[in-house]
Each structure stands twice: as C-alpha cells, then as structure tokens.
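Down below is the structure, laid out as structure tokens.
Numbering (my numbering), first residue to last: 38 to 472.
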C-alpha cells in the first residue's frame, strides 16, 4: 500500500464511515466507562509492547473481552486508541492506522452485537458454563468473518490481488488463532464479572503473553531462515553472473503454476522457496564450468549434474521448507525417466519438482545465457508443450501456459547485452540447454 490507488482510498473511507456509524450511539450508551478506559489502555499497551518486542499479530483477547462485557459501540471504542497509536513501519502510516482502526472497530462491534443478541452478557455475568461458550463462539465467528471480508477487499483494491484469490483461505486461517484468543477473552470477561474482579481477569493475559512470545520466537526463526535463503541465492547469483535473477523468476513462475492449479497459499509459498533454491547446489560446482563459453565435455557435464545433490545437502536441515527440499533434489528428473540424479519417472517424481522443472526450463529459455540468446515467450511456451509428456508433466505445462496467458510474463535479460555472446549449439536436447 506504498502508493495507494484511489479506489483503495475510497474503500478505506467507506470502512471509516462504517466505523463511525458503529461508534455513533456512544453518547446515549449506559456503560461502565472506567471499564472502557481500562480495556482501551490495556489493549494500547499490549500493541505497543508487541511492536517494541517485535511480536507478530494483534492481541485480540482484550478486544474480545470488551465485546463480551460491554455494549457494542463501547466495545468498539476499546480498539480505537491502540489501533491509532500503534507503530507502523510502512508508508503511508496515517492511512494504515486509519484502516486498521476502522477494521477493528467494525469487527469488534459485530462480535459484540452477535454476542449480545444471543444473550451472551447474561451468561457471562452468571458464569453459566457451558452455555456461555455458544454466544462467545458465534461472536468469534462474526469477528473473523468481518475481518476477512474487509481484508479481502483491501487486498483486491490496494495490492491488486485477483478477486478469485483475494478472500481464499482468509477466514479459515484466522479462525483457529482467533478462537484461542476468544476463549481467553471469555475467561477474562467471566473473571471480570466475578467477585474477584478485574485484577483476576488480568491474570488470564499471562499465559497468553507467554504463548505470544513463543509464537514471536517462531517467526524470528523463520525470518532468520529466510535471510539465510536470500544469502545463498545471492551467492549463486554472484558466482554465475549469467543467471543473475534466475532463481527469483523461477520462484515466481512456480507460484503461478501452483495458483493456477488451485493449491493452498501455504503450498504456493513452499513452491516459491523451491524455485528460489533449486540451483543453490551450484555453489559446489567450479565457477569455470558455470561460466564456460564452449561446449562441455562429458566429464564436465557429470560434475555440473551433481548440483541437485549438493543443493539438497545444503537445505535439508531447514525444516520449514518441507517439499521444497525434494524439488531441489529432483527438478532435473524427466517424466520419461531419462533425467538425473536418480532417473525417476512419471509419478515417482515429487509434484513440487515437476512444477519447478517447468518454471526452470521456461526461464532458462527466455533468458540470455553464455551459450545462446533468449527465446521469445511464445516460442518457449511452444517448446514446453512439445516436450510435455516426455520431459515435463503436461498438467504443469498447461497450467503455466494458462497462467502466462492470463497474467503475462516479462522476462529480465540477465546477461550483459552490450557485447552479447555468440550463440552456439546447445550440448543437450533439453529445452533449458545448459542446466
């Protein structure tokens, strides 16, 4: 949302108007204003602590506790100070704060309305378990639904995510963590209404803060792994200048195939890692072979063909990569069994490797290399289709052809075109020519 389109700004303005309508009954609401102030201050403090300690996500238990304790407009007000004062790294900061505040106000208002309509406040006041769980669960569903609907809209308008993908998985991904936060919020609300009062309610936050800290540590570890991946890819790019940027483009093409096949976003992200890391084993190959202009000897070719195994050894300790590690090892296998390193055929080849094989070959054909010039995109697509069934999985090829037809492809020439190398015959019948 760095340069926010006008339609996205209009969408945010509509969300802001909706939030103001949710807050408009406040002057006539009869509620415990000290409870509103305490919850709002507590939520704002949690958000500040999260930003300072680099925790991930928003601390929903306080907001949902407000939805279980207060009238809808008063509960919505709890979210406002924390959202408007929370630190924002990306620009435009003020617009992001307004958007987040409007989104939370509407979400909490909806949760409180649903909870109140189902008699939830009476069950909380009476500590009436298990009957208190049903209104609280419905409120959590309403909160997740509103947040997902609003998130999908801003993804479409601000980030230009296709409509058919904008809302995919948003509700289901948010449901489990918000349900846990909702349970903690319900415990807070029940203790708040009990003889023990708000002090006891605050004790519920202690285990939640511990779990939040553990979750933040996981994200930090993941960020460290991703930094390691970037360093490995940069090392490959430096070593083999003719393929600079190739790994990122293969990752992008692999994502296009995965999305075209309707894979979940988590798996699409794994395919991106697979594409980015597929050539990391070239760090173990002598640079003179990677940059050689003349034909490769049989011995030199055997040395280069070791790079999938080198790469697999490098990444097999990175647990979150999952099936991406299999793609690193097997992306040069062929459907007819004549590939390497193990000569797998057909369905023996992992699906992720079949995806990356198509993406790798396509980018290799549409990029200038030391041994030939780049081919036009239509020619490269025709070559992929010609080799479907022998070298490539036809399902992956057709998915990529459809994706390119829908979204286009803008290949970057990675070689220096001021003095381009003369084309020479490819040393193999494979479309990607050199590995």
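Backbone N, C-alpha and C fix where the C-beta goes; we use that ideal spot for every residue, glycine too.
Residue i (DSSP reduced to helix, strand or coil)
i           : result
residue 361 : helix
residue 169 : coil
residue 449 : Only weak support exists for where residue 449 lies, its pLDDT of 48 falling under 50; the coordinates are left without a value.
residue 208 : helix
residue 105 : helix
residue 429 : strand
residue 423 : helix
residue 294 : helix
residue 376 : coil
residue 333 : coil
residue 470 : With a pLDDT of 41 at residue 470, under the threshold of 50, the modelled position of that residue is not reliable, and no figure is offered here.
residue 355 : coil
residue 413 : coil
residue 474 : This structure does not reach residue 474, given that the chain is present from 38 up to 472, and the question cannot be answered.
residue 342 : coil
residue 184 : helix
residue 323 : coil
residue 175 : helix
residue 382 : coil
residue 47  : helix
residue 199 : coil
residue 128 : coil
residue 282 : coil
Contact set for residue i: own chain, Cβ-Cβ below 7 Å, skip 5 residues either direction
i           : result
residue 215 : 97, 177, 180 and 181
residue 192 : 198 and 203
residue 53  : 135 and 139
residue 66  : 108, 110 and 111
residue 41  : 129, 132 and 195
Cβ-based burial, residue i [other Cβ within 10 Å; buried from 16]
i           : result
residue 275 : exposed
residue 240 : exposed
residue 73  : buried
residue 43  : exposed
residue 335 : exposed
residue 324 : exposed
residue 160 : buried
residue 265 : exposed
residue 330 : exposed
residue 71  : exposed
residue 84  : buried
residue 297 : buried
residue 256 : exposed
residue 428 : buried
residue 158 : buried
residue 303 : exposed
residue 371 : buried
residue 163 : exposed
residue 354 : exposed
residue 384 : exposed
residue 327 : buried
residue 153 : buried
Nearest residue (CA-CA) to residue i, options the options
i           : options               : result
residue 392 : 327, 251, 308 and 425 : 308
residue 47  : 235, 324, 194 and 204 : 194
residue 435 : 353, 290, 69 and 159  : 290
residue 220 : 105, 127 and 122      : 105
residue 313 : 304, 300 and 361      : 361
residue 439 : 256, 428 and 419      : 419
residue 166 : 375, 370, 152 and 227 : 227
residue 75  : 353, 272, 234 and 161 : 234
residue 236 : 427, 429 and 79       : 79
residue 211 : 273, 189 and 299      : 189
residue 358 : 41, 69 and 311        : 311
residue 322 : 158, 223, 372 and 348 : 348
residue 442 : 82, 414, 270 and 423  : 414
residue 186 : 208, 398, 170 and 175 : 208
residue 416 : 398, 432, 426 and 354 : 398
residue 156 : 173, 146 and 143      : 173
residue 141 : 423, 151 and 101      : 101
residue 351 : 170, 273 and 305      : 273
residue 301 : 206, 243 and 224      : 206
residue 287 : 82, 88, 396 and 147   : 396
residue 400 : 88, 225, 69 and 283   : 283
residue 145 : 446, 368 and 99       : 99
residue 82  : 68, 246 and 295       : 246
Residues of its chain near residue i, where Cβ-Cβ distance is below 6 Å and the 5 sequence neighbours each way are ignored
i           : result
residue 378 : 345 and 346
residue 217 : none
residue 103 : 76, 112 and 115
residue 374 : 380 and 382
residue 251 : none
Closer than 7 Å to chain D by CB, residue i
i          : result
residue 47 : The chain labelled as chain D is not found in the depicted structure, where only one protein chain is given.
Under 8 Å: do the segment 306–325 and the segment 336–349 share three or more Cβ pairs, one atom per stretch? yes
Counting beta carbon pairs with one atom in the segment 51–61 and one in the segment 106–125, are three or more of them shorter than 8 Å? Cβ pair count under 8 Å is three or more, so yes.
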